[in-house]
Amino acid sequence: MPARSEQMADYIADRLEFITFLACCSALVALLTGMNGQQALAFTALNLPFGLAILLGIAILAPLPVHWRLPGITLLLASCALATLQLGGDWLNPLAIWSLHALLGLEILWQSRPRASIGAHTRS
7 MPARSEQMAD
17 YIADRLEFIT
27 FLACCSALVA
37 LLTGMNGQQA
47 LAFTALNLPF
57 GLAILLGIAI
67 LAPLPVHWRL
77 PGITLLLASC
87 ALATLQLGGD
97 WLNPLAIWSL
107 HALLGLEILW
117 QSRPRASIGA
127 HTRS
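All the letters of the sequence shown, read from the start, carry residue numbers 7 to 130 under this note's numbering.
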């Protein structure tokens, strides 16, 4: 039973890490692309619901084989970026949106890497 609770804790930690990464990168990319502080905050707030949609989409695509999951996640990221472009105003920099979603794609790849088990290298 402790192994199951550790798996659940790791799962929740990964999702919190993704949302934290999204918020930090949104603000950083916004500021690096020339938005002022208020616009950077609005950019971050605009992207958070899309981040939750990406997490939901990843959860829906998780049972699929890898050759279906990868294009599905790519389409999910591209559709969220396009939806953000449609909702944003004239102040929204397209470079910031595409850069952010490229970083989110890298984060998704990073979180899907194989991990060593905590107890795999214990000595007997």
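For each residue, glycine too, the CB sits at the ideal point set by N, CA and C.
Source: prediction; values computed, not measured.
Can you list, in chain order, the residues of its chain with a C-beta nearer than 7 Å to that of residue i? Leave out the 5 residues immediately preceding and following it.
i	result
I181	Examination of residue 181 is not possible in this model, given that the chain is present from 7 through 130 alone.
Going by C-alpha distance, which of the options is nearest residue i?
i	options	result
C31	L81, G57, D16 and E12	G57
L106	A84, S118, G95 and L93	A84
N99	P71, L81, L52 and L61	L52
R75	G111, T26 and E12	G111
W116	W104, F24, L61 and A33	F24
G94	L61, L62, A46 and P69	A46
Looking only at its chain, what residues have a beta carbon closer than 6 Å to the beta carbon of residue i, apart from the 5 residues adjacent to it on each side?
i	result
A29	T50
Rounded to the nearest angstrom, what separates residue i and residue j at their Cα positions?
i	j	result
D16	R119	14 Å
P71	N42	43 Å
L82	M14	25 Å
D96	A108	22 Å
L34	F27	10 Å
L22	A87	21 Å
L38	A9	42 Å
L62	D20	13 Å
H73	A59	21 Å
L91	W104	9 Å
P69	L54	24 Å
Q44	I18	30 Å
Assuming residue i contacts residue j (C-beta within less than 8 Å), just tell me the rounded distance between them.
i	j	result
A36	A89	Not a contact, Cβ separation roughly 17 Å.
Given residue i, which residues of its chain have a CB within under 8 Å of its CB, disregarding the five upstream and five downstream residues?
i	result
S11	none
G40	N99
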